[in-house]
Every structure is written in C-alpha cells, then in structure tokens.
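Worksheet: the structure to be examined is printed underneath.
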Amino acid sequence: MAEEKKPDAAPPKPPGPPAPPPPKNPGFVTAIVDGKEVVVKPGTTVIEAAKAVGIDIPYYCYHKRLSIAANCRMCLVEMSNAPGGKLMPACQMPVAEGVTVKTDTPRVKDQQRATLEFLLLNHPVDCSICDQAGECKLQDYYMAYDRQPSRLDVPKVMKGKRVELGPTVTLDQERCILCTRCVRFMREVAENPQLGVAQRGNESFITTFPGQPLDDKYAGNVVDICPVGALTSTDFRFRGRVWFMSSARSVCTGCARGCNTFLDYLNDVTYRYRPRENDAVNEEWMCDDGRTSYKYLNAGRVLVAREGRGANAQPLPRKVAPRRAAEVLLPHVAAGSLAVLLSPVASLEDLLVACKVAKEGLKVGEVYAGGRADGWQDDFLKRADENPNRKGLELAAAAYGLAVRPFADLVAAAGAGKVKGLWAVGTEVPDAKAAEKLGALEIVAQSYGDAALAQHAAVLLPASPHSEMDGTFVNFEGRAQRFEMAYFPKGESRPHWALAAELGAALGLPLAFASGREVFAALGPQLGSALGDFAWDSLPSTGSRLGIVPLAAGTVDGRLPGNRDRVPSETTEDYRRAMSRTS
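Under UniProt numbering, think of the first position of the sequence shown as 1, with each following residue one higher.
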C-alpha cells in the first residue's frame with residue numbers, strides 16, 4: 001500500500017512590523033522634533049509637542065479649543081513613521097514613541113511655499129486697507145515662508161465684499177481662506193451653528209443660512225480666531241491701525257464673570273476689548289455685550305470737580321474740593337442722617353479705602369450697594385449681575401464690620417426722611433428713575449461719568465475708571481483678578497481710593513496713599529482670612545480664589561498688538577506727577 005503523501009509545510013510568515021519600542025518615560029511619549037527631545041502626554045499632537053520645545057509650526061485651520069479639520073495643509077511635516085514617507089499634518093497626527101519629526105527640511109519648506117501660493121491665488125492682497133493688517137497670519141507667514149511674486153496670469157475669482165453677516169460681524173469673502181474656524185466655533189463652542197460653507201471648489205464661501213443673521217451673543221469671537229482679514233468687527237472696522245495701538249492686560253467690567261481681556265488703546269482712548277486666555281475664568285472667549293462695554297471709558301467723562309447743580313454748577317479747584325465735600329457731609333454725620341452708597345463697579349482698593357472712611361470718618365454702620373441693574377444670563381459665561389466687583393464690595397464691607405443693604409432700602413430711607421445726606425462712591429444705580437427720588441438729598445458724588453445721580457450732586461469729584469489705574473476685581477466665584485493701568489488719569493480725575501483718602505484726610509483721618517499697591521499693602525490685611533494667599537505682586541495669571549490655595553499660573557497666549565509701548569506703572573515718576581496735578 002502506497003504511503004500517503006504528507007502536505008507541504010506552510011511557508012513561514014513574513015516578519016511583521018517591528019514591535020514599538022518600550023517607552024523611554026513610562027506614562028509619557030518621547031519623540032525627537034528637529035533634533036530636540038520632547039516628552040509629552042499620550043495623544044498630544046505634533047504641533048503642540050513642537051510648541052513645548054519652542055518650535056513654531058505654521059498653521060491656519062488649527063485651534064486648540066476646536067475640533068481638528070486639517071484642511072489648510074500649512075502644517076505638513078516629515079515624520080519617520082509616516083506611511084510611504086508622505087508629509088503629515090502636524091495638527092492631526094499624535095506623537096508616537098520614538099518618532100522623529102522634521103519641520104524645516106527643503107521638502108517641508110517647498111510645501112509651505114506651495115500652500116501659501118495656493119491660498120494667495122485669489123486673495124485680493126489689499127493689505128493697505130485691510131483691517132487685519134498688522135495681526136494677519138497670511139501676512140506673517142508670507143514674509144516668513146514664501147516672499148515670492150504671484151505667478152497668476154488669469155483674472156482672480158471675485159466674491160462678496162462687505163457682507164454684513166449680522167449686527168457685529170462683517171465678512172469679506174474674497175479674503176477668506178476657508179479654514180472653517182468660524183464654522184467650528186459656532187457649532188462647537190457657541191452651540192449655535194449659524195455659519196456654514198456654501199458652493200464648492202474655488203467658488204466656496206462662508207455664509208449664514210438664508211434669512212438667518214449671525215446674531216449669537218458670542219459671534220464676535222469669530223473675529224478673534226479668524227487668521228486673516230475675512231471676518232472683521234463692525235464696531236472696530238477702520239477705526240485704527242493695530243500697530244499704532246498698545247495693550248494693557250485688563251478685566252471686563254460687563255458682568256460678575258470678570259473675563260480676562262486685552263484693553264487696546266491709542267492716544268488715551270480705548271478702542272476695543274479682546275479676550276485674554278484664562279482657563280479658570282473664560283478660556284479665551286467673551287460675550288459681545290462685554291466686548292463693546294468699553295465705550296463708557298471714552299464718553300461722557302467728568303474731568304473736573306464742580307459744585308452746584310445744573311446751570312448753577314461751577315468748577316471747584318481740586319485742592320479745595322475735598323474740604324468742601326467734608327463741609328457738605330459733616331452736618332449729616334452729626335445728625336445721623338448720612339448714608340454711604342458704594343458701587344460694585346469700583347475696585348477692591350477703592351472700596352477698602354471707602355469703607356474705612358465710612359466707618360471711621362463718617363461714623364456709619366452700614367453701606368448701600370449701588371451698581372447696574374441685572375441683565376441676561378446663560379450657562380456659558382455671562383452672569384446676570386452686570387457688576388464686576390460685587391463680591392469685592394461685600395468683602396470690603398465685612399472687613400470693617402459694615403452691613404450691606406440694597407439700593408431700594410436707600411430710596412425708601414430717603415423717602416421716609418431718615419437720610420438727608422449721601423456720599424456716593426460711584427454713581428451706577430440699578431434704577432435711574434428711583435435715583436431721581438434722591439435728588440432732594442445733599443450729595444457728594446465720586447463719578448467718572450455724568451450719570452443721573454451725579455447730576456444731583458452738590459459736590460461732584462471726577463473719578464478714574466479701571467483703564468486709568470491698577471487694581472483688583474473679585475468675581476462672583478471669589479476669584480481676585482488684577483488689571484493694569486492703560487493710560488494716566490484724564491483731566492483732574494483720580495481713582496476712587498485717592499478721592500476717598502483726600503476726603504478722609506479732610507475729616508481728620510491720617511490717610512495718604514500713592515498707589516493701589518500701597519492701598520492694598522496698608523488695608524489688604526483688614527480682609528483677614530478671606531485674603532488667603534492673595535498677594536499684589538505674585539498673583540497668578542488665572543487669578544486667586546480668596547481664602548483658597550490659588551491654581552497654578554496658566555499661560556497667556558494672546559498677542560499684544562502694536563508697538564508694545566510701556567504700560568504706565570504706578571511706580572513711575574510720570575504717574576506720581578499725574579496723580580499730584582493741581583488746577
């Protein structure tokens with residue numbers, strides 16, 4: 001019987017890909033970017049890993065708070081693990097253990113030049129009249145990565161110009177590079193998908209849906225994240241060149257959230273607010289109401305002290321004004337008919353001095369809280385309380401044992417004849433009509449604007465808003481946040497704390513401060529345990545929760561525009577001269 005033939009043995013399997021190397025740093029991923037070793041968390045993209053070692057990879061469509069689109073192709077790099085040796089988008093590819101990334105090879109540079117040439121193909125190149133000039137990534141990257149003349153010899157594709165998408169945003173479709181940042185922001189952050197891309201190919205453009213304007217309360221943020229001059233602020237459009245402007249790190253005064261901002265100014269005029277990054281407060285967004293709330297800093301200012309009302313008002317010499325204010329208030333102190341009104345728009349330093357004067361100089365046991373009326377609120381950033389420092393007012397009053405009562409109680413007390421004199425530190429009130437009922441009182445008011453209550457003042461002292469001083473706001477969470485002076489006080493105006501200290505001195509209190517820093521050093525300890533780890537000179541960029549160990553300092557990613565002029569400092573001789581001006 002024939003022997004059965006055994007089947008041939010299966011051929012050996014070809015060797016598979018090599019096993020990934022063991023992690024050099026367990027729990028992290030280690031890679032090489034342009035010869036520099038970088039250690040990052042798993043899942044970190046190449047573009048963020050490169051930033052960690054100081055290497056900038058150009059990009060347009062990428063934004064760390066939005067989904068990844070990888071459509072601009074500006075960030076292509078060489079990676080040792082790329083299939084077929086292709087260039088890979090750094091914004092999309094995660095760092096792998098042991099991978100080598102090269103961002104500056106001739107091949108990468110050629111791709112960057114080609115991408116820029118493609119993006120500029122139909123771009124109008126109207127930089128001389130573009131509102132984005134000076135903070136435009138298309139300009140910046142052209143100078144850094146291309147600098148080649150156009151080879152286009154056919155007419156450019158024409159699209160819509162000056163398209164009003166809504167009340168706050170104007171679109172130039174020809175300048176748009178279709179990065180879709182704006183579309184993704186409205187869909188993913190604002191959660192109101194009012195923008196989309198219409199048509200195809202080089203006819204594509206950003207637009208709203210038919211009959212539906214871009215009217216979301218956070219629409220202004222699409223202007224901030226637009227890398228070119230396609231989306232512009234209707235409010236700021238053509239008002240000034242950003243390279244002439246300077247910026248101060250500030251805090252929005254539009255509500256109790258206290259969004260961190262850049263205050264952009266030129267020739268002592270504030271032109272706009274832009275959101276500043278703070279993960280603990282507002283990430284890097286702000287609402288449109290807060291964005292345009294800067295306007296009160298410029299209009300209707302009171303710049304000289306005055307005595308009398310209406311047509312009878314007369315300028316009052318600055319050196320005489322504190323003494324005259326004390327003369328108006330002292331009879332009511334003796335009669336027990338004086339009230340003190342404090343504004344939650346004033347800074348913590350303002351309110352600490354005001355409460356000390358109220359308690360020790362004017363002998364009151366309670367203060368009334370003024371401030372703006374409540375507005376709208378959402379579950380993202382905006383708070384109904386439209387005052388930036390109500391928590392600071394409560395803390396300052398508590399530090400001096402003063403009860404805080406609502407504005408309505410002041411109106412009632414005045415109507416009942418219990419209050420006949422009033423010292424108002426800030427004239428913001430929630431009910432302008434009710435404020436008219438206080439017109440019969442003898443009022444000494446400190447105000448930066450000619451508000452309804454200020455018009456009834458027997459003595460009006462010109463105060464400086466937050467743009468003209470260094471100080472602190474405490475938001476609704478109890479987070480203390482510093483803001484910087486942008487420019488010196490205008491006219492004869494001075495911070496509320498300076499005016500209150502002068503009044504206190506006229507009342508016999510030994511008060512004299514040269515700066516907000518000195519105020520905090522002298523009176524800050526009065527806050528006691530509520531002060532926590534707050535310190536004037538070492539406050540983290542995220543702010544500090546009073547009474548709670550502060551979070552680690554975050555990073556400020558906003559780019560200061562313009563010539564980066566020195567922000568005035570309270571320690572400079574110029575500041576001291578400005579604060580000591582006499583009429």
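We put the CB at the ideal spot given by N, CA and C, even for glycine.
As the structure is a computational prediction, the values presented were derived from the model and not from experiment.
- Collapsing the DSSP output to three states places R390 in a helix.
- Between the alpha carbons of D131 and W243 lies a gap of roughly 11 Å.
- Contact check for L523 and K356: beta-carbon distance about 6 Å, within the 8 Å limit, so the pair qualifies.
- A354 sits in a helix when the DSSP states are folded into three classes.
- Listed in chain order, the non-local C-beta contacts of V223 below 7 Å within the same chain comprise V169, L231, T232 and S233, local neighbours out to five positions each way being set aside.
- Going by beta carbons, G543 and Q481 fall inside the 8 Å limit.
- In this structure L438 is not in contact with A463, their Cβ atoms being roughly 18 Å apart against a cut-off of 8 Å.
- For the 8 Å CB-CB criterion, A90 and V77 form a contact.
- The region 295-308 and the region 514-522 do not touch, with fewer than three beta-carbon pairs separated by less than 8 Å.
- Bridge partners of M88 according to DSSP: V77.
- Cβ neighbours of I47 within its own chain (closer than 8 Å, five residues either side excluded): I57, Y59, Y62, C75, A90 and C91.
- About 6 Å separates the Cβ atoms of A339 and L410, confirming a contact at the 8 Å cut-off.
- In the structure shown, F407 falls within a helical segment according to DSSP collapsed to helix, strand and coil.
- Beyond the five residues adjoining it in sequence on each side, R291 comes within less than 6 Å, by CB distance, of G220 and Y273 in the same chain, given in chain order.
- Taken through DSSP and simplified to helix, strand or coil, E117 comes out as helix.
- Judged by their CB atoms, I443 and L461 are not nearer to each other than the 8 Å cut-off.
- As DSSP reads the structure, P462 sits in a beta bridge with S447.
- Taking C-alpha positions only, R372 is separated from Y487 by approximately 25 Å.
- If you look at Q132, you'll find it isn't in any beta strand (DSSP E); DSSP assigns it neither H nor E.
- Sixteen is the threshold: since fewer than 16 other Cβ atoms of the shown chains lie within 10 Å of the Cβ of T105, the residue is exposed.
- By the Cβ rule, the region 205-213 does not count as touching the region 33-49, because fewer than three pairs are nearer than 8 Å.
- Ranked by Cα distance from D450, the first of M469, D431, P430 and G426 is G426.
- Remark: fewer than three beta-carbon pairs, one from each stretch, lie closer than 8 Å, so the region 317-328 and the region 399-409 are not flagged as touching.
- A52 is the residue among A52, H123, A396 and E366 whose C-alpha sits nearest the C-alpha of K36.
- A straight-line Cα-Cα distance of about 46 Å links N278 and K418.
- Separation of G196 and Q212 (C-alpha to C-alpha, rounded to the nearest whole angstrom) is 12 Å.
- Nearest neighbour of L165 by Cα position, chosen from P510, T253, Y141 and Q194, turns out to be Q194.
- By the neighbour-count criterion, in which 16 or more other beta carbons inside 10 Å mark a residue as buried, N282 falls on the buried side.
- By the 16-neighbour rule on beta-carbons within 10 angstroms, L303 is exposed.
- Taken in chain order, the complete beta strand (DSSP E) segments of 3 or more residues contained in the region 202-279 are 205-208, 231-233, 246-251, 260-266 and 269-275.
- Looking from the CA of V251, the closest CA among A413, E468, S447 and G27 belongs to E468.
- Distances from the CA of L453 to each of A397, Q377, L393 and G370 were compared; the closest alpha carbon is that of G370.
- F473 sits in a strand when the DSSP states are folded into three classes.
- By DSSP's assignment, P315 forms a beta bridge with R306.
- Beta-bridge partners of Q481 (DSSP): F473.
- In the three-state reduction of the DSSP assignment, Y296 falls in the helix class, which pools H, G and I.
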